[in-house]
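The letter at position 190 of the sequence shown is residue 201 when you use this note's numbering, and the numbering goes up by one with no holes.
Worksheet: the structure to be examined is printed underneath.
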Amino acid sequence: MKSFIEYKEDSHFPIQNLPYGIFSSHENSKKRAGIAIGEFVLDLAQLEKEGLLNSNYFSNSTLNSFMSGGKKEWSNVRSQVQELLMDTNPTLRDNSILREKVFYKQLDVTMHIPANIGDYTDFYSSKNHATNVGAMFRDPENALLPNWLHLPVGYHGRSSSIVVSGTDIHRPNGQTMPLGSDNPVFGPCRLMDFELEMGCFVGTGNNLGEPISIENASEHLFGLVLVNDWSARDIQKWEYVPLGPFLAKNLATSISPWIIPFEALDEFRIENPIQENPTPLPYLQSNDKWTFDMKLEVQIKTEKMENPETICNSNYKYMYWNLAQQLAHHTITGCNMNPGDMFASGTISGEESDSYGSMLELAWKGTMPIQLSNGEKRKFIQDNDEIIMTGYAQGKGYRVGFGEVKGKILSAK
Ligand code: MN
């Protein structure tokens with residue numbers, strides 16, 4: 012499959028990808044939907060106006076109505092756009108006036124949060140991550156709590172502070188308990204961290220009281236983004252017992268602007284990890300492949316650096332609990348999901364020490380500082396450090412990628 016739009020083999024946005032996002036431009040400040048192709052954004056709202064796209068979703072400032080349209084509709088729109096972008100199709104290829112109206116350079120547009128995210132849930136589904144954190148904070152011999160291998164552990168997060176890539180974040184203030192002290196202190200977080208995660212957008216929801224079965228997950232799941240679940244470790248350590256994360260996580264959660272639809276990811280599905288010891292309960296069992304081979308990378312750019320430097324290479328395949336299990340578990344009580352809801356994977360850590368998805372693990376609780384090539388060291392994130400996450404699946408001669416999610420930590424207010 013080839014487009015008349017030219018791009019390099021390592022572009023994240025070939026015709027095989029076609030991720031959805033919400034953008035505005037200098038000429039038109041109205042938020043509307045677009046698709047990324049090469050270095051361009053294709054204006055889907057304008058395509059609808061020109062009568063070139065048989066749909067009525069994309070003049071909206073969010074993708075929620077499209078998400079609620081359902082799997083057939085997602086597929087229908089995708090194939091219409093793919094057809095318009097093919098090198099064999101003259102409609103846009105040979106019409107420079109039309110091309111002028113529907114294509115923007117990605118560098119020239121502003122990206123926005125792609126959906127109205129009503130509810131946000133964060134899971135804890137990487138076994139390597141949960142084992143590392145359990146070993147550091149509890150007991151290396153019993154790093155996983157007894158429930159961990161039986162259900163995808165998660166907590167309900169905060170959607171109001173989900174921000175799009177490029178939004179800078181102020182270091183939070185909060186309450187922490189200094190080591191060896193009897194009284195908590197108040198002040199700027201000292202152990203600021205990132206978490207490398209993937210976020211899944213819900214398409215069609217379910218009615219209250221009607222769980223989504225694991226076999227029906229593909230009818231409900233719309234697509235994926237990269238997530239940085241910023242974490243204030245010292246605040247977390249003091250507050251999290253017995254009810255889990257609260258202020259350590261609600262300061263901000265950053266997402267990449269382009270949502271990759273699952274249809275673009277089908278060929279990167281691989282076998283799920285073996286779950287035999289123990290075998291999950293039947294409502295969490297399925298042979299459908301919901302594990303994806305996608306390379307993930309975290310870079311840091313300190314104030315003194317000219318170019319970012321890689322500090323973590325991980326892969327989405329390192330998840331123990333998959334998306335279908337997470338959705339089935341989330342709704343088994345009858346909890347209703349709505350179009351635009353997002354759930355994140357939990358920190359994705361691989362097996363090797365350079366594949367850990369947080370600074371907490373990479374620098375092992377500060378005991379093994381990360382050595383950067385310019386001589387600097389890091390145990391946690393310092394003011395004006397920028398964290399950049401990126402990821403892609405490698406096809407034959409093309410990549411299906413996310414672009415990036417980045418954010419800088421500014422000093423506390
Ligand atoms: Mn997290």
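The beta-carbon is built from N, C-alpha and C at its ideal position, and this holds for glycine as well.
Beyond the five residues adjoining it in sequence on each side, N385 comes within less than 7 Å, by CB distance, of K315 and M316 in the same chain, given in chain order. Distance check between N349 and each of G191, T187, G216 and K116 places G216 closest, using alpha-carbon atoms only. With contact defined as three or more Cβ pairs closer than 8 Å, the region 15-23 and the region 41-50 are in contact. Short of 6 Å from the beta carbon of M353, and not among the five residues preceding or following it, lie these beta carbons of its own chain, in chain order: I128, Y131, G210 and F212.
In this structure A423 is not in contact with P30, their Cβ atoms being roughly 34 Å apart against a cut-off of 8 Å. With 5 Å as the limit between CB and the heavy atoms of the ligand MN, the residues that fall short of it are D133, E206 and D240.
If you look at H341, you'll find it in the alpha helix (DSSP H) that goes L334 to T342. Counting along the chain, the unbroken beta strand (DSSP E) around H167 starts and ends at G165 to H167. Beta-bridge partners of Y115 (DSSP): V52. By the Cβ rule, the region 227-246 counts as touching the region 189-208, because three or more pairs are nearer than 8 Å. Note on V196: under 16 other CB atoms within 10 angstroms of its CB, so exposed under the neighbour-count rule. It is roughly 22 Å from the alpha-carbon of E221 to the alpha-carbon of G168. The distance from the Cβ of P157 to that of I270 is about 36 Å, inconsistent with a contact at the 8 Å cut-off. Under the DSSP assignment, S229 falls in the alpha helix (DSSP H) whose first and last residues are A228 to H231. If you look at M348, you'll find it isn't in any alpha helix (DSSP H); DSSP assigns it neither H nor E. T321 places its beta carbon 8 Å or farther from that of L383. L103 and F148 have their C-alpha atoms some 57 Å from each other. Here K41 is exposed: its Cβ has fewer than 16 other Cβ atoms, across all protein chains shown, within 10 Å. At a Cβ-Cβ threshold of 8 Å, G402 and F413 count as neighbours. Residue ranges of uninterrupted beta strand (DSSP E) with 3 or more members, entirely inside the region 90-170 and ordered along the chain, are 114-116, 121-123, 131-134 and 165-167.
When DSSP assignments are scanned along the region 219-262, the uninterrupted stretches of beta strand (DSSP E) that are 3 or more residues long and fall wholly within it turn out to be 232-239. With distances taken between CA atoms, M370 lies nearest to R244 out of G351, N318 and R244.
For P293, the three-state secondary structure derived from DSSP is helix.
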